[in-house]
Ligand code: ATP
Ligand code: MG
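Numbering (our numbering), first residue to last: 1 to 421.
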């Protein structure tokens with residue numbers, strides 16, 4: 001019979017990797033609390049039309065990468081390829097616009113894109129996403145970037161590179177677009193096929209092409225930051241001043257773009273060194289035109305999303321120590337199988353007191369049980385030996401020091417009791 005495998009581009013997160021995930025999740029949770037973001041959980045699928053409008057028909061995501069299906073009622077649904085469109089949908093639908101602005105929300109969960117899988121690039125991956133809705137102040141752009149900053153410094157990452165750019169607004173972008181098109185048109189024969197198609201539809205995306213043939217042309221292209229209107233230029237300058245004043249180093253990268261009209265002003269990415277070609281650990285920016293596209297009133301917004309798999313890869317690659325998870329405090333062993341009913345009771349009492357405890361099954365030799373305790377990383381083993389049988393007592397062995405002492409069950413339970421929330 002054919003052996004089943006996980007679908008291409010998906011991965012199993014095995015127990016050995018879980019400690020890195022817990023570490024990232026804990027840091028994210030406290031980050032959201034420190035910065036005052038509230039959690040919002042959303043459905044994993046939405047109407048296809050939401051993403052067609054909210055992500056945009058000119059994007060790779062909508063053109064090539066969505067998992068779209070028709071449900072039994074005949075409606076077209078899509079597994080979410082990002083969070084932002086769903087967050088704004090929920091914001092409008094639930095009347096959150098009447099709350100004090102900015103409304104600050106975070107979300108976490110699986111995202112689906114039909115991409116070419118490689119290390120750090122999957123078809124199902126996980127994002128942490130934060131959005132701040134309803135405020136134009138560049139101090140908010142700074143706040144969002146400093147949240148990204150703090151996330152990576154709390155994770156103890158080294159060798160990060162912050163990239164920023166401004167792509168203007170509907171007032172200044174059309175003039176820039178004309179210059180950009182003229183530049184690329186004059187080199188049309190040197191562009192890749194994709195870029196030739198993008199030239200009329202979405203010229204900003206040519207800047208972001210990863211092909212070796214297009215990169216040099218993109219490097220020489222006119223820069224959005226040189227075409228900003230006064231409002232956008234002031235916004236960008238103020239943001240940079242905040243970053244400078246807090247000594248947060250960044251590079252202005254004129255090729256950093258978001259290819260759609262409702263993305264405005266600030267865009268940024270953070271790159272981590274050494275995790276391979278897929279080095280963007282987070283990406284974000286302003287989307288002051290999005291709420292209107294989705295049928296709401298004009299509402300500015302800014303946010304970012306970080307890919308958890310790439311954060312975990314960075315933790316592992318940079319060999320950053322994380323707390324061990326899943327190690328039992330106590331392994332309960334018995335010298336003679338006839339002590340098993342007592343061992344079962346003792347393990348139960350320990351767990352009722354909140355102590356992570358494992359029990360040696362199967363009536364094996366004490367030596368075999370001690371070996372297992374060691375393999376499981378147990379800190380202590382409580383052995384019911386001949387001496388202790390029927391006396392509600394155990395020999396407690398410290399597994400690192402290999403010293404042993406006799407304790408009553410009551411003392412053992414008191415010593416290892418863990419308060420539960
Ligand atoms: P990339 O340029 O790497 O394709 P992107 O611009 O498509 O990234 P965003 O849509 O901004 O990425 O998503 C935010 C973050 O989600 C990225 O910075 C990255 O960490 C992560 N990410 C995006 N696509 C994938 C994927 N296919 N697999 C794993 N992580 C991903
Ligand atoms: Mg992508």
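Glycine is no exception: its CB is placed at the ideal position from the N, C-alpha and C atoms.
Beta carbon of residue i nearer than 8 angstroms to that of residue j
i	j	result
residue 301	residue 290	yes
residue 227	residue 163	no
residue 270	residue 148	yes
residue 42	residue 87	yes
residue 423	residue 144	With the chain covering 1 to 421 only, the question about residue 423 has no answer from this structure.
residue 26	residue 325	no
residue 37	residue 67	no
residue 265	residue 168	yes
residue 204	residue 24	no
residue 188	residue 206	no
residue 140	residue 102	yes
residue 381	residue 397	yes
With 16 other Cβ atoms within 10 Å as the buried cut-off, status of residue i
i	result
residue 249	exposed
residue 186	exposed
residue 309	buried
residue 393	buried
residue 295	exposed
residue 332	buried
residue 272	buried
residue 62	buried
residue 64	exposed
residue 152	buried
residue 84	buried
residue 14	exposed
residue 165	buried
residue 369	buried
residue 119	exposed
residue 388	buried
residue 253	buried
residue 49	exposed
Residue range of the beta strand (DSSP E) that includes residue i
i	result
residue 46	45 to 47
residue 77	76 to 79
residue 195	Counting along the chain, residue 195 falls outside any beta strand (DSSP E), though it belongs to the alpha helix (DSSP H) covering 193 to 201.
residue 305	301 to 307
residue 405	403 to 408
residue 232	Here residue 232 belongs to no beta strand (DSSP E); instead the alpha helix (DSSP H) covers 230 to 245.
residue 344	Careful: residue 344 lies outside any beta strand (DSSP E), inside the alpha helix (DSSP H) at 340 to 352.
residue 285	280 to 286
Where the alpha helix (DSSP H) through residue i begins and ends
i	result
residue 27	15 to 35
residue 146	138 to 154
residue 322	Note, residue 322: premise wrong, no alpha helix (DSSP H); not H, not E.
residue 97	Careful: residue 97 lies outside any alpha helix (DSSP H) and carries neither H nor E.
residue 388	Per DSSP, residue 388 belongs to no alpha helix (DSSP H) and is neither H nor E.
residue 366	366 to 375
residue 292	290 to 293
residue 216	215 to 219
Residues that DSSP places opposite residue i in a beta bridge
i	result
residue 106	39, 130
residue 165	267
residue 381	331, 397
residue 67	79
residue 160	272
residue 359	332
residue 184	Looking at the DSSP assignment, residue 184 forms no beta bridge with any residue, so it has no partner.
residue 84	Residue 84 pairs with nothing; no bridge assigned.
residue 252	164
residue 121	118
residue 111	125
Residue-level contact to chain B via CB, residue i, 8 angstroms cutoff
i	result
residue 189	Going by chain labels, chain B is absent from the structure shown, which holds only one protein chain.
>> Check whether the stretch 225 to 242 and the stretch 205 to 215 are in contact - that is, three or more C-beta pairs closer than 8 angstroms.
In response: As far as the Cβ criterion goes, the stretch 225 to 242 does not touch the stretch 205 to 215, which means the pair count is below three.
>> Check whether the stretch 351 to 359 and the stretch 393 to 408 touch, using three or more Cβ-Cβ pairs below 8 angstroms as the test.
In response: Contact between the stretch 351 to 359 and the stretch 393 to 408 is absent, with fewer than three C-beta pairs closer than 8 angstroms.
> Given 8 angstroms as the limit, is there contact between the stretch 329 to 346 and the stretch 363 to 381, that is, 3 or more CB pairs closer than that?
Replying inline: Between the stretch 329 to 346 and the stretch 363 to 381, the count of C-beta pairs closer than 8 angstroms reaches three or more; the two stretches touch.
>> Closer than 8 angstroms is the cut-off here; do at least three beta carbon pairs connect the stretch 338 to 352 with the stretch 366 to 379?
In response: Touching, no.
> For the 8 angstroms Cβ check, are there 3 or more pairs between the stretch 75 to 85 and the stretch 119 to 131?
Replying inline: By the criterion of at least three beta-carbon pairs nearer than 8 angstroms, the stretch 75 to 85 is in contact with the stretch 119 to 131.
> Any chance the stretch 171 to 181 sits against the stretch 217 to 224, with 3 or more Cβ pairs inside 8 angstroms?
Replying inline: Three or more Cβ pairs drawn from the stretch 171 to 181 and the stretch 217 to 224 lie within less than 8 angstroms of each other, which places the two stretches in contact.
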